[in-house]
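Take a look at the structure set out below.
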Amino acid sequence: MKLITASQFANPDAAFVALVEARRGLTVEQSADLDARLVLILANHIGDADVLAEAIALAKAGA
Amino acid sequence: MPRASATVGAGDRKVLFRYAYRRSPDQDRKAPARHPVVVVGAGPVGLATAIDLALRGVAVVLLDESDRIGEGSRGICYAKRTLEILDRLGVGEELVARGVTWKLGKIFLGDALVYAFDLFPEGGHKMPAFINLQQYYLERALVERAAALGGIDLRWSNRVVGLERRDDRVVLTVATPDGPYAIEADWVIAADGARSTIRDLMGLGFEGLTFEDKFLIADVRMAADFPTERRFWFDPPFHSGQSALMHRQPDNVWRIDLQLGRDADVETEQNPERVLARLKRMLGDRPLALEWVSIYRFNCRRLQRFVHGRVLFAGDSAHQVSPFGARGANSGIQDAENLAWKLAAVLAGRADIGLIDSYDAERVQAADENIGHSTRSTDFIAPRSAAERRLRNAVLHLAQHAEFARRMVNSGRLSTASVYDSALSTPDEAPFAGAARLGAPLPDAPVTRDGKPGFLLERLDGAFEVLYVKDGARPNVPAGVRLTVIGEDVIDTTGACAERLDASPGATYLLRPDQHLAARFRRFDGDKIGRAVDRALGKP
Chain A
1 MKLITASQFA NPDAAFVALV EARRGLTVEQ SADLDARLVL ILANHIGDAD
51 VLAEAIALAK AGA
Chain B
64 MPRASATVGA GDRKVLFRYA YRRSPDQDRK APARHPVVVV GAGPVGLATA
114 IDLALRGVAV VLLDESDRIG EGSRGICYAK RTLEILDRLG VGEELVARGV
164 TWKLGKIFLG DALVYAFDLF PEGGHKMPAF INLQQYYLER ALVERAAALG
214 GIDLRWSNRV VGLERRDDRV VLTVATPDGP YAIEADWVIA ADGARSTIRD
264 LMGLGFEGLT FEDKFLIADV RMAADFPTER RFWFDPPFHS GQSALMHRQP
314 DNVWRIDLQL GRDADVETEQ NPERVLARLK RMLGDRPLAL EWVSIYRFNC
364 RRLQRFVHGR VLFAGDSAHQ VSPFGARGAN SGIQDAENLA WKLAAVLAGR
414 ADIGLIDSYD AERVQAADEN IGHSTRSTDF IAPRSAAERR LRNAVLHLAQ
464 HAEFARRMVN SGRLSTASVY DSALSTPDEA PFAGAARLGA PLPDAPVTRD
514 GKPGFLLERL DGAFEVLYVK DGARPNVPAG VRLTVIGEDV IDTTGACAER
564 LDASPGATYL LRPDQHLAAR FRRFDGDKIG RAVDRALGKP
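The following block contains the structure:
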C-alpha cells in the first residue's frame, strides 16, 4: 500500500472547509465540474499510477 | 483510413482508374494450377505484400474482386515508417512528391488553441513524418510498380467464393465474368479488407469493440489557404458539442471528419444538401464540391490469430481501428513488410515454417498497441457517458492552463513504427544509447555513398544486413548476409549515424530484411552474428 490514509493536514477541519468553500454557491453541475478538475490536478500532482489506483479503489469502496 | 471501419452508409463514389479483366490460362486448365502464393485483395496491403514478395523472387497471383480503383480517398495519412517501406518497394519518392507533407497538429477547444504538436522535429531522415495522399494514388502507384516489376499476376474481377484447406495447400474457387475456376496455393494471404471474404469463408470472428458514435467523413474540393496542419476541434462554434477534424490532401481536396453522435440517422446525414450545410458552417460560404462522403461507425478489434495454417491475414481483414491516429493503412503496410520476408525465407527453404508464427506474434503485438491507442483516442473524442464527458471536458479546460492536461488531450496518437518485443531479437549484451532500439526499424540518417548524398535506409534494401562501424579490415560475414561498412561503403558525414546508433568503432548491427534491428554488439564476432541470424530466422 503506497497510498497514505493517515491524516496529513495539521488542521484537517480547515482543509475540509477549503474544499467546502470552493463549491459554496455552485450548482450540482458546477460542483461536479470543479471536482473533475480537482481530481485531475491532484492526480497529476501525485504522479504515481499505483497510488492513483489505490485511491480509486478506496473511493469506490467508500461509497 | 476509414476503410478500417464499418461503413454504415456510402455516398458519392467516383471511379478514377479502371482495369480490364483478362482471362487467365489457369481458367482453361483441367486440374487447378498450383501457385506458391495467392494474395487476395489488391488494396495497399495486398499490393505491398505482392511487390515485396516479387522483389524477393516469389511469384505471386494477386486477385481482386473489383476492376477499378477510386472509391473515395479513404486512407489519406501515410506515416514515416510506411513511407520508408514504400521507398524500399520503389514508390516512396513519387508518393512523397505527389502528397502533402505535414508534421504539425493543432487542437482547439471552441476556437481557442489548447495544444500544438510537432510530430518530427529531428532532421536528417529521408522520409517526412507524414504525407497526406488519397488512397487511390497510392494504389495506382503500387499497381504500376507491380506491373513494371513483373512476377505479379494481377487478376481483376476475380472474386474468391470458396476456400478449402488441405494439409499442404489451400484450394480457392474464384468467380470471374467467364465463370468460376479453381486454383491451389501453398499460401494464401487474405488482404481483402474489413469485410474480408476469406475471413467469412473461414468463419472467423473478431474480438473487440464497436463504438456507437457516428462520424461524417467528407472529402471536399475547394480553393482554400487553410494551413497544412492537422487541425482538430473539440466543441467548435461551427459544430457545437461534437468534434471536427480537417486535413489537407493534394489537388485542393480537404478531408473533413465531423462527429455526429450516437443518435444520428445514417440516411438523413448522407443527404448532400445537409452535408453541404454542415460544411459551410465550418468552411464559410465558398464554392465547395463534394468528392466523397461516407458515414462511419468505428471498430477497434482484431482476429485472435492472424495465422491460420496456410491462410495468413494482413491489414483490415485482421484488425481494425478508428481513423484517429492513422493506424489502419499504416499498420496494414507494416503487416505486409513483416510477412513478406518471412514467407520468402520459408519458400526458399532458408527458414522453417515456424518463422510464420513470429508474424502472428509480432503483428498481433502491433495490432494490440494500435487498438489500445485507437480505443483511448476514440473514448476521449466520443465519451461513453455524461460522467466520462465531464472528466474529458475537465481535461480540455485545464489544458489551457496546465501542461499536464495538454498531455492528456487525445485527438489521436499518430502512427509510429512498431518496436517488436520478439523472440527473433538477440538481447543486448552491452548497453547502447541513442535512438536505435532492438526490435525497431533502424533510425534513418544521412550518409554519402560513392561521394553522393543519400540515406542509410536506402542501403538496407531487403537482405539480412550487417552494419559494421569501420575499425580496421572488413570482417567476414556469414553466407546470405550482406555487409555495409560505415566509414567505407557509406560515410557518416553529419555524425547522425554515430549518434542515433551509438556507433563506436567496431560496433556491429544485424538488420532483418525488414530493416528492424535484430542484434547489436560492441565488437564484431562472426559466430555471434551467425547465431543472431539463425535466431532471426526462427531457428532454435
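So the protein sequences, as listed, match chains A and B.
Heads up, the first sequence is in our numbering, so the first residue is 1 and it goes up one at a time.
Heads up, the second sequence is in our numbering, so the first residue is 64 and it goes up one at a time.
Even for Gly, the Cβ is constructed at its ideal location relative to N, Cα and C.
On a predicted model such as this, the values are computed, not experimentally measured, just so you know.
Item to check | Segments of 3+ residues assigned as beta strand (DSSP E) that fall wholly inside the stretch 371 to 408 of chain B | outcome: 374 to 376
Item to check | Cα-Cα separation between B:Ala496 and B:Pro300, rounded to whole angstroms | outcome: 47 Å
Next on the checklist: Please give me, in chain order, every unbroken run of the alpha helix (DSSP H) with length at least 4 that falls completely inside the stretch 291 to 357 of chain B.
Outcome noted: 329 to 333, 335 to 346
Checklist entry - Among B:Cys363, B:Thr441, B:Thr331, which residue has its Cα nearest to the Cα of B:Ala430? => result B:Cys363
Checklist entry - Within 10 angstroms of its Cβ, does B:Arg470 collect 16 or more other Cβ (buried), or is it exposed? => result exposed
Next on the checklist: For B:Lys93, count the other beta carbons within 10 Å of its own beta carbon; 16 or more makes it buried, fewer makes it exposed. Which is it?
Outcome noted: exposed
Item to check | Contact set for B:Asn393: own chain, Cβ-Cβ below 6 Å, skip 5 residues either direction | outcome: Ala142, Thr145, Ser478
Checklist entry - Can you pull the DSSP bridge partners for B:Ala582? => result B:Leu573
Next on the checklist: Suppose the cutoff is 6 Å on Cβ atoms and the five residues either side in sequence are ignored; what does the same chain contact list for B:Ala403 look like?
Outcome noted: Thr112, Asp115, Leu116
Next on the checklist: With the cut-off set at 7 Å, would you say B:Pro99 and B:Asp216 are in Cβ contact?
Outcome noted: no
Checklist entry - Terminal residues of the continuous beta strand (DSSP E) containing B:Val237? => result 232 to 238
Item to check | Residue range of the unbroken alpha helix (DSSP H) whose run includes B:Asp590 | outcome: 589 to 599
Checklist entry - B:Arg453 CB to nearest chain A CB: under 7 Å? => result yes
Checklist entry - Listing by chain order, which chain B residues have their CB less than 7 Å from the CB of A:Leu65? => result Because chain A in this structure spans residues 1 to 63, residue 65 of chain A falls outside the shown range and cannot be described.
Checklist entry - Rounded to the nearest angstrom, how far is the Cβ of B:Val370 from that of B:Asp420, given a contact under 8 Å? => result 6 Å
Next on the checklist: Give me the subset of the stretch 7 to 19 of chain A whose CB atoms are less than 9 Å from a CB atom of chain B, sorted by chain position.
Outcome noted: none
Checklist entry - Counting only beta-carbon atoms, is A:Ala36 nearer than 7 Å to chain B? => result yes
Item to check | Runs of beta strand (DSSP E) wholly within the stretch 458 to 546 of chain B (minimum 3 residues, chain order) | outcome: 509 to 512, 515 to 518, 527 to 532
Next on the checklist: Threshold first: 3 residues or longer. Then list the beta strand (DSSP E) segments lying entirely within the stretch 218 to 285 of chain B, N to C.
Outcome noted: 222 to 229, 232 to 238, 244 to 253, 269 to 284
Item to check | Endpoints, alpha helix (DSSP H) assigned at B:Arg97 | outcome: Here B:Arg97 belongs to no alpha helix (DSSP H); instead the beta strand (DSSP E) covers 96 to 103.
Item to check | Selection from B:Glu551, B:Thr557, B:Thr547 that minimises the alpha carbon distance to B:Leu571 | outcome: Sequence inspection shows Thr at residue 571 of chain B; the Leu mentioned does not correspond to that position. Out of B:Glu551, B:Thr557, B:Thr547, B:Thr547 has the C-alpha closest to the C-alpha of B:Thr571.
Item to check | Contact under 7 Å by Cβ, B:Ala414 with B:Leu600 | outcome: yes
Checklist entry - First and last residue of the alpha helix (DSSP H) that includes A:Asn11? => result Looking at the DSSP string, A:Asn11 is not in any alpha helix (DSSP H), and its letter there is neither H nor E.
Item to check | Supposed contact pair B:Ala457 and B:Val472 - C-beta distance, whole angstroms, cut 8 Å | outcome: Wrong, their Cβ atoms sit about 11 Å apart, outside the cutoff.
Next on the checklist: Rounded to whole angstroms, what is the Cα-Cα separation between B:Ala160 and B:Arg344?
Outcome noted: 33 Å
Checklist entry - If we count the other Cβ atoms within 10 Å of its Cβ and call it buried at 16 or more, is A:Met1 buried or exposed? => result exposed
Checklist entry - Can you tell me whether DSSP reads B:Arg131 as helix, strand or coil? => result strand
Checklist entry - When we look at the beta-carbon of B:Asn221 and count the other beta-carbons within 10 Å, is it buried (16 or more) or exposed? => result buried
Item to check | Sub-7 Å separation of B:Asn433 and B:His310 beta-carbons | outcome: no
Checklist entry - Would you call the stretch 172 to 180 of chain B and the stretch 120 to 133 of chain B in contact, with 3 or more CB pairs under 8 Å? => result no
Item to check | Interface residues of chain B facing A:Asp50 [CB-CB closer than 9 Å] | outcome: Neighbours of A:Asp50 on chain B: none; closest Cβ ~18 Å, over 9 Å.
Item to check | Residues near A:Glu54 by beta carbon distance below 6 Å, same chain, minus five either side | outcome: Leu3
Item to check | C-beta contact flag for B:Asp255 and B:Gly104 at 7 Å | outcome: yes
Item to check | Beta carbon of B:Gly475 nearer than 7 Å to that of B:Ser488 | outcome: no
Next on the checklist: Below 8 Å on the Cβ atoms is my contact criterion, and I expect B:Ser136 with B:Trp317 to pass it. Report the Cβ-Cβ distance as a whole number of Å.
Outcome noted: About 10 Å; that fails the 8 Å criterion.
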